[in-house]
Amino acid sequence: MCSSDLSIMGIVVLRTVEEVRAYHNKVVAEFYEKNHRFPTIGFVPTMGALHQGHLSLIKKARENNDIVMTSIFVNPKQFAPHEDFAAYPRTLEADCKLIESVGCDAAFAPTDEVMYPKEPKYLTYVTIEGSDSVSEGAARPGFFRGVATVVTKLFNIVQPTNAYFGQKDGLQAIMVKQFVRDLNIPVTITVCPIVRAEDGLALSSRNAYLSPEERAAAPALYKSLCAFRACFEKGERDVQTLCQATRDSLAAEPRFKIDYLSVANAVTAEELSGKLCDAQLKDGIFVSIAAWIGTTRLIDNIRSEERR
Numbered sequence: 003m004c005s006s007d008l009s010i011m012g013i014v015v016l017r018t019v020e021e022v023r024a025y026h027n028k029v030v031a032e033f034y035e036k037n038h039r040f041p042t043i044g045f046v047p048t049m050g051a052l053h054q055g056h057l058s059l060i061k062k063a064r065e066n067n068d069i070v071m072t073s074i075f076v077n078p079k080q081f082a083p084h085e086d087f088a089a090y091p092r093t094l095e096a097d098c099k100l101i102e103s104v105g106c107d108a109a110f111a112p113t114d115e116v117m118y119p120k121e122p123k124y125l126t127y128v129t130i131e132g133s134d135s136v137s138e139g140a141a142r143p144g145f146f147r148g149v150a151t152v153v154t155k156l157f158n159i160v161q162p163t164n165a166y167f168g169q170k171d172g173l174q175a176i177m178v179k180q181f182v183r184d185l186n187i188p189v190t191i192t193v194c195p196i197v198r199a200e201d202g203l204a205l206s207s208r209n210a211y212l213s214p215e216e217r218a219a220a221p222a223l224y225k226s227l228c229a230f231r232a233c234f235e236k237g238e239r240d241v242q243t244l245c246q247a248t249r250d251s252l253a254a255e256p257r258f259k260i261d262y263l264s265v266a267n268a269v270t271a272e273e274l275s276g277k278l279c280d281a282q283l284k285d286g287i288f289v290s291i292a293a294w295i296g297t298t299r300l301i302d303n304i305r306s307e308e309r310r
């Protein structure tokens, strides 16, 4: 099933930049000859180990585009030396079967060497000023530089019309919108809702790391965000009080240890504090949390307008 042969049926797996560009030229030319217009290309970048959350993005892309592509690449540039890069699940064959089942046309699955050649030495990075000072960036310095760099490269390689990201990585989506806007990249960004299990846990590739006992306890993370929202909807506007409601809720599950809890502007990611005023709320608020349960770090978030 997985091949770079452009003539095969089913999912096409492309391993090099040259293969992606040849595929792009081929399908665009064929579509134009048949339809007398250029196709729209929907793109979903992933790190593989796919689940229903990823598939929901591909389905959305399929609904709204003529051609759908994804990338499957575990990006080393967004992992710190002490993080789980080597252990991150790599399931290319299973991923290919899943994306084919929801109508994806092609996947770009490069090696590290394709994306970051050693000869000549790779030297270029995309940095978003201030990104290391907010929540996930502060907890993982250099993370957003790695994300911005790889996504910019993927956009340049795939040349999509539209790209789809999940709200699960909400701060990442905010940063992508920022550099796309700043760098005048001609891609429209769509952020799709978080896909959750029935008990509320946000779907994540890292959920596979959880023991049965940890998995049973994990929905407490989302419940703690619901406690924030309930307090907010009752009229509370003091950030410290709202965050305390979240912490109190999560304290009921002692397996969790909070890494950070953040309240930010939903457009700029600027951290908010004190008593929230109407001007601060006009863009909506983005509440994000990261917490450890055992050896697994989970993240989740809500926006002020989100409803379950």
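Going by the numbering used here, the sequence shown opens with residue 3, and the numbers climb by one from there.
The beta-carbon is built from N, C-alpha and C at its ideal position, and this holds for glycine as well.
Can you give me the C-alpha to C-alpha distance between F87 and R142, rounded to a whole angstrom?
As a working mapping, residue 87 is identified with position 85 in the sequence shown. As a working mapping, residue 142 is identified with position 140 in the sequence shown. When rounded, the distance between both Cα atoms is 13 Å.
Just how far apart, CA to CA, sit I159 and V19?
Looking up residue 159 in the sequence shown gives position 157. Looking up residue 19 in the sequence shown gives position 17. Straight through space, the alpha carbons of V19 and I159 are spaced by roughly 6 Å.
Identity of the residues DSSP links to K277 by a beta bridge
By one-based count along the sequence shown, residue 277 stands at place 275. Note: K277 sits in a beta bridge opposite D240.
Anticipated Cβ contact below 8 Å, S275 with I287, distance rounded:
Taking the sequence shown and counting its residues from 1, one reaches residue 275 at position 273. Taking the sequence shown and counting its residues from 1, one reaches residue 287 at position 285. Their Cβ separation, rounded to whole angstroms, is 12 Å, which puts S275 and I287 out of contact at 8 Å.
Bridge partner(s) assigned by DSSP for S290:
By 1-based counting over the sequence shown, the position of residue 290 is 288. Looking at the DSSP assignment, S290 forms a beta bridge with S264 and N303.
Kindly indicate which three-state DSSP category N158 falls into: helix, strand or coil?
Residue mapping note: residue 158 aligns to position 156 of the sequence shown, counting from 1. The answer is helix: DSSP assigns N158 an H, G or I state.
For G144, does the three-state DSSP call read helix, strand or coil?
Looking up residue 144 in the sequence shown gives position 142. Coil.
Per DSSP, what kind of secondary structure is P47 in: helix, strand or coil?
As a position in the sequence shown, residue 47 is number 45, starting the count at 1. If DSSP states are grouped into helix, strand and coil, P47 belongs with the strands.
May I ask you to report which of helix, strand or coil DSSP gives S226?
Sequence index remark: in the sequence shown, residue 226 carries index 224 (1-based). S226 sits in a helix when the DSSP states are folded into three classes.
Beta-carbon proximity list for A51, same chain, < 6 Å, skipping 5 on both sides:
Here residue 51 is taken as the residue at index 49 of the sequence shown, counted from 1. Taken in chain order, the residues that qualify are P91, T93 and S207.
Proximity of S213 and G296 at Cβ, strictly below 8 Å:
The residue labelled residue 213 in the question sits at position 211 within the sequence shown. The residue labelled residue 296 in the question sits at position 294 within the sequence shown. Their beta carbons are under 8 Å apart, which means S213 touches G296 by this criterion.
N186, buried or exposed, once every other Cβ within 10 Å from all chains shown has been counted against 16:
Taking the first residue of the sequence shown as 1, we reach residue 186 at position 184. It is exposed - the Cβ of N186 has fewer than 16 other Cβ atoms within 10 Å.
Does DSSP put F167 in a helix, in a strand, or in coil?
Within the sequence shown, residue 167 is the residue found at index 165, counting from 1. Correct three-state label for F167: strand.
Same chain only: Cβ atoms within 6 Å of P195, ignoring 5 sequence neighbours per side
By one-based count along the sequence shown, residue 195 stands at place 193. If we look at P195 and ignore the five residues flanking it on each side, its Cβ neighbours are Q169.
From this set, F45, H84 and F81, which residue's C-alpha is nearest N66's C-alpha?
As a position in the sequence shown, residue 66 is number 64, starting the count at 1. For N66, the nearest C-alpha among the options comes from F45.
Please go through the same chain and pick out, in chain order, the residues whose beta-carbon is closer than 7 Å to the beta-carbon of V153, but skip the five residues on each side of it.
In the sequence shown, the residue the question calls residue 153 occupies position 151. Taken in chain order, the residues that qualify are P47 and V178.
By how many angstroms is the C-alpha of P122 removed from the C-alpha of V241?
Locating residue 241 in the sequence shown gives position 239, counting from the first residue. Locating residue 122 in the sequence shown gives position 120, counting from the first residue. Each residue's alpha carbon lies about 49 Å from the other.
According to the neighbour-count rule (16 or more other Cβ atoms, all chains shown, within 10 Å of its Cβ), is E21 buried or exposed?
Within the sequence shown, the letter at position 19 stands for residue 21. When all chains shown are included, E21 counts as buried.
Using the Cα positions of F96 and D280, report the straight-line distance between them to the nearest angstrom.
Position 94 of the sequence shown, counting from 1, holds the residue named residue 96. Position 278 of the sequence shown, counting from 1, holds the residue named residue 280. This sequence places Ala at residue 96; Phe is not what is there. Cα to Cα, A96 sits roughly 48 Å from D280.
When you compare only the Cα positions, how much space is there between A31 and L16?
Position 29 of the sequence shown, counted from the first residue, corresponds to residue 31. Position 14 of the sequence shown, counted from the first residue, corresponds to residue 16. In a straight line, the C-alpha of A31 is about 18 Å away from that of L16.
Consult DSSP for R198 and reduce its assignment to one of helix, strand or coil.
As a position in the sequence shown, residue 198 is number 196, starting the count at 1. R198 falls in the strand class under three-state DSSP.
Own chain residues within Cβ distance below 7 Å of E247, not counting five before or after:
Along the sequence shown, read from residue 1 onward, the residue named residue 247 stands at position 245. The sequence as given places Ala at residue 247; Glu does not occur at that position. Here the set comprises A229, F230 and C233.
So the candidates are I260, E238 and L125; which of them puts its Cα closest to the Cα of A292?
As a first step, residue 292 is located in the sequence shown; it is residue number 290 there, counting from the start. Checked all of I260, E238 and L125; the closest Cα to A292 is I260.
Three CB pairs or more closer than 8 Å across the stretch 108-126 and the stretch 67-85:
yes
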